[in-house]
Amino acid sequence: MMMRAVQYNSYGGGAAALKQVEVPIPSPKRDEVLVKVEATSINPLDLRIQKGVVWPFLPRKFPNIPGVDVAGEVVKVGSGVKNYKAGDKVVTVLSSVFGGALAEFAVAKESVTVSRPPEVSADQGAALPIAGLAAHECLLRTDGFNYDGSGKEINILITAASGGVGHYAVQLAKLGNAHVTATCGARNIDLIKSLGADEVIDYKSPEGAALKSPSGRKYDAVIHCASGVPWSTFEPNLSTNGKVFDITPTPRAFMTWGLKKLTLSKKQLVPTIVTPKKEKLDYLVKLVKEGKIKAVIDSKHPLSKAEEAWAKSISGHATGKIIVETSL
1 MMMRAVQYNS
11 YGGGAAALKQ
21 VEVPIPSPKR
31 DEVLVKVEAT
41 SINPLDLRIQ
51 KGVVWPFLPR
61 KFPNIPGVDV
71 AGEVVKVGSG
81 VKNYKAGDKV
91 VTVLSSVFGG
101 ALAEFAVAKE
111 SVTVSRPPEV
121 SADQGAALPI
131 AGLAAHECLL
141 RTDGFNYDGS
151 GKEINILITA
161 ASGGVGHYAV
171 QLAKLGNAHV
181 TATCGARNID
191 LIKSLGADEV
201 IDYKSPEGAA
211 LKSPSGRKYD
221 AVIHCASGVP
231 WSTFEPNLST
241 NGKVFDITPT
251 PRAFMTWGLK
261 KLTLSKKQLV
271 PTIVTPKKEK
281 LDYLVKLVKE
291 GKIKAVIDSK
301 HPLSKAEEAW
311 AKSISGHATG
321 KIIVETSL
């Protein structure tokens, strides 16, 4: 049996390098489920893998079907799968090593697959995994942050708050005991305020460029979703033990992290790599079900026009998440 998929055959080339192909439907191994993909979303990591930024580790081989976020329906299960059966609606994360989401079917590990209740649409489910987990991970590692709202208020800065990770970070932080300052482009200020941010700054303004809180607050944590901001810009704005969680760390970020460790600095840069965990993804899906968080959808594209979605993502101007639907 064959399926439609989108793949590329070498590093580089951007959207023009994506090819619409027909390939065999994969078979689930013992601990895997075969999912009919209803929707997927594009993440910056997908683009970086294509560029060769994580060469020689990813992708493992060419041709590569990119993408890891999946919402869909289980159609077949491996012999060792206990919790799912054909017909179950799920949200899952594929391995970054193999990818496979830009296709009609994909195989996923049972260990990172969660049930998707009827209240959570395929688009909302597909938008959630990597972006939501990245925001959630930063907050879990923030000293003094509590989702139950207990403890003293802490100050959090979220850069590029209208992006995929940023818009989840704003909503999740406001579920807890955080005062949120956010940066974004002028056109998205009202949107980010509507998601709950207490202070929103145009990143192109002098205040935004300096990352200064309008109310003069020092940040206990920064969820850094932008790029190209030097440590020297963050440092004066941090509280005594402030941490900057960098979700797209560069080699320079790892050097700064090492230097801060060596000098026993109380202010830290923390390169943050997401390792998907079932219980954390399940927690986020439940928050979507309860209406406590939601994905802002920038645009939807059919699988047959996945190149358009890829190009839009490369442009860096998406608001929220870019979705590719196989049913369109």
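In full-length UniProt numbering, the protein residues as written are 1 to 328.
Where a beta carbon is used, it is the ideal one built from N, C-alpha and C, also for glycine.
Quantities reported herein were computed from a predicted structural model and do not represent experimental measurements.
Report the residue ranges of all beta strand (DSSP E) runs contained in full by the stretch 237 to 278; include only those spanning at least 3 residues, in chain order.
-> Counting whole runs of 3 or more residues, the stretch 237 to 278 contains the beta strand (DSSP E) stretches 238 to 246, 268 to 271.
Which whole-angstrom value describes the C-beta separation of T326 and L303, a residue pair presumed to lie in contact below a C-beta threshold of 8 Å?
-> Taking the sequence shown and counting its residues from 1, one reaches residue 326 at position 326. Taking the sequence shown and counting its residues from 1, one reaches residue 303 at position 303. That pair is a contact at about 5 Å.
Would a C-beta distance cut-off of 8 Å place H167 and K280 closer than the cut-off?
-> If you number the sequence shown from 1, residue 167 lands on position 167. If you number the sequence shown from 1, residue 280 lands on position 280. No, the pair does not count as a contact, with Cβ atoms beyond the cut-off.
Got a sec? Which residues, its chain only, sit under 7 Å from A224 by beta carbon, not counting five neighbours each side?
-> One-based indexing of the sequence shown puts residue 224 at position 224. A quick correction: the sequence has His, not Ala, at residue 224. Within the same chain, H224 has close Cβ partners T159, V244, F245, D246, I247.
Could you check how far apart the C-beta atoms of N237 and K266 are, in whole angstroms? I think they sit under 8 Å.
-> The residue labelled residue 237 in the question sits at position 237 within the sequence shown. The residue labelled residue 266 in the question sits at position 266 within the sequence shown. At roughly 14 Å, the Cβ-Cβ gap does not stay under 8 Å, so N237 and K266 are not in contact.
Using three-state DSSP, classify I130 as helix, strand or coil.
-> Within the sequence shown, numbered from 1, the residue matching residue 130 stands at position 130. In the structure shown, I130 falls within a helical segment according to DSSP collapsed to helix, strand and coil.
Could you check what DSSP says for P206 in three-state terms: helix, strand or coil?
-> Position 206 of the sequence shown, counted from the first residue, corresponds to residue 206. P206: helix per DSSP, three-state reduction.
Quick one: is P59 buried, meaning 16 or more other Cβ sit within 10 Å of its Cβ, or exposed?
-> Your numbering for residue 59 matches position 59 in the sequence shown. Buried: at least 16 other Cβ atoms inside 10 Å.
Would you mind sorting L259 into buried or exposed? The rule is 16 or more other CB atoms within 10 Å of its CB.
-> As a working note, residue 259 is residue 259 in the sequence shown. Its Cβ having fewer than 16 others within 10 Å, L259 is exposed.
How long is the line joining the alpha carbons of R30 and A106, rounded to whole angstroms?
-> In the sequence shown, residue 30 corresponds to position 30, counting from 1. In the sequence shown, residue 106 corresponds to position 106, counting from 1. The alpha-carbon atoms of R30 and A106 are separated by roughly 15 Å.
N-terminal and C-terminal residue of the beta strand (DSSP E) that K36 is part of | What you label residue 36 is simply residue 36 of the sequence shown in a count that begins at 1. Going by DSSP, K36 is part of the beta strand (DSSP E) stretching over 32 to 41.
Ignoring anything shorter than 4 residues or poking outside the stretch 116 to 178, list the alpha helix (DSSP H) runs there in chain order.
-> Along the length of the stretch 116 to 178, whole alpha helix (DSSP H) runs at least 4 residues long occupy 122 to 127, 129 to 140, 164 to 175, reported in chain order.
Closest by C-alpha distance to L191, when choosing among K286, K76, T233, V296 | On the sequence shown, residue 191 is found 191 positions in, with the first residue counted as 1. Out of K286, K76, T233, V296, V296 has the C-alpha closest to the C-alpha of L191.
What span of residues does the alpha helix (DSSP H) with R48 cover, start to end?
-> Numbered from 1 along the sequence shown, position 48 holds the residue referred to as residue 48. In the DSSP annotation of this structure, the continuous segment of the alpha helix (DSSP H) that includes R48 starts and ends at 44 to 51.
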